[in-house]
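To keep things clear, I will list the structure first and then write my remarks on it.
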Amino acid sequence: MLLAGCSSSGDAGHRTGPSASSAVTSPAAQRGTAGPATRFTVDPARVPTTPSAALGLVRAVTAGPDSYGPGYVKRPPYESDPAAWPALGTDCVWRQEPLPGDVLATFTRHSRLPAAGSKGEVRAAATVTLHRTAAQADQEMAETLEEALRCPDQQLRATERISGLNSIGSGYGTNGDTSADDCLIEMGTYDDPALGKGSTYYLWDQVRLGPVTIAVVVEGGKGFAQGDLLTVQARAVAGMETKVRTELGARK
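The opening residue of the sequence shown carries number 3 in the working numbering; numbering runs sequentially from there.
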């Protein structure tokens, strides 16, 4: 199975799940269709240094239903517990743990596009994390890449599984990444009996701007073209990138 990753095109290869288009533009490339963004430079004086201020920032940046497009609504639980951190165990099962020391704040919002006609439900979640340093944010990106290699099949919740994960990462200026310090994308299949029989899409897009990581996951979407879901995902990521640049970028 091939993976488009942060490149401009390629066979995204969702071969074990729903039909995928033979050529799909990745989220990173879609974010860069208007031309390369100026390389992000963080202003240290504008970066929150306390957990309360950091939480205010990530809450302000994290995407909600309106960020994905018409028809998306809140999915309960809509907002995450800011004191919890998802961790992948050695058994490839996700669990909630206390916030690690290198994280000032993290926040997630869950959204969904209800099923309609021949189109299945689409689930989306956006997460923004502020680390104490850019190096620690970079380490989170590296660990995310490693997790897909270590656990290509993962248990998300009691009835939700992802399988056949492939991931690839790129730095600024490579493989279509024209906006973030780093980007990565994961693709696989998603299974939840609540969405009916058969595998559906699992799409993860994550970027880093200085000490901030931004991630959007899209799950489900039977009947949708994969490229359409990637476009929705890229739109949400780009919107959050813009907010981070506005809040933390160096002023000229």
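Backbone N, C-alpha and C fix where the C-beta goes; we use that ideal spot for every residue, glycine too.
Quick caveat, the model's predicted, so the values are computed rather than measured.
query: Assigned exposure category for aspartate 93 - 16 Cβ within 10 Å defines buried; result: exposed
query: Integer-rounded CB distance, given that arginine 134 should sit under 8 Å from aspartate 104; result: 6 Å
query: Cβ-Cβ distance between tryptophan 96 and arginine 48 below 9 Å; result: no
query: Classification of glutamine 228 by the beta-carbon crowding that lies within 10 angstroms, buried from 16 upward; result: buried
query: Bridge partners - serine 54, DSSP secondary structure assignment; result: Paired residues: none, contrary to the question.
query: For methionine 242: DSSP bridge partner residues; result: In the DSSP output, where bridge partners are listed per residue, methionine 242 has none listed.
query: Cβ-Cβ distance between glycine 198 and lysine 224 below 9 Å; result: yes
query: Beta-carbon proximity of arginine 210 to aspartate 183, cut-off 9 Å; result: yes
query: Sub-9 Å separation of leucine 186 and glycine 171 beta-carbons; result: yes
query: Buried or exposed by the 16-neighbour rule on C-beta atoms within 10 Å, applied to glutamine 141; result: exposed
query: Assigned secondary structure, glutamate 99 (DSSP; H/G/I helix, E/B strand, else coil); result: strand
query: Alpha-carbon to alpha-carbon, tryptophan 87 and glycine 251; result: 26 Å
query: Where tyrosine 192 falls, given that 16 or more other Cβ within 10 Å makes a residue buried; result: buried
query: Contained alpha helix (DSSP H) runs [length at least 4] in the region 53-130, N- to C-terminal order; result: 53-63
query: Alpha-carbon to alpha-carbon, isoleucine 216 and glutamine 138; result: 14 Å
query: Whole-angstrom distance between proline 67 and glutamine 235, CA atom to CA atom; result: 12 Å
query: Delimiting residues of the alpha helix (DSSP H) encompassing alanine 140; result: In the sequence on display, residue 140 carries aspartate and not alanine. Residues 136-152.
query: Close beta carbons around arginine 163, own chain, < 6 Å, minus the five adjacent residues each side; result: Gln157, Asp193
query: Aspartate 269 (DSSP reduced to helix, strand or coil); result: Here the chain covers residues 3 to 254 and nothing more, so residue 269 does not appear.
query: Proline 154 versus valine 63: straight-line alpha-carbon distance, rounded; result: 30 Å
query: Beta-carbon spacing of alanine 107, leucine 147 below 9 Å; result: no
query: 9 Å Cβ cutoff met for arginine 237 and serine 69; result: yes
query: Which of helix, strand or coil DSSP assigns to alanine 217; result: strand
query: Collapsed DSSP secondary structure at arginine 159 in the structure displayed; result: coil
query: Bridge-paired residues (DSSP) for leucine 211; result: Val214
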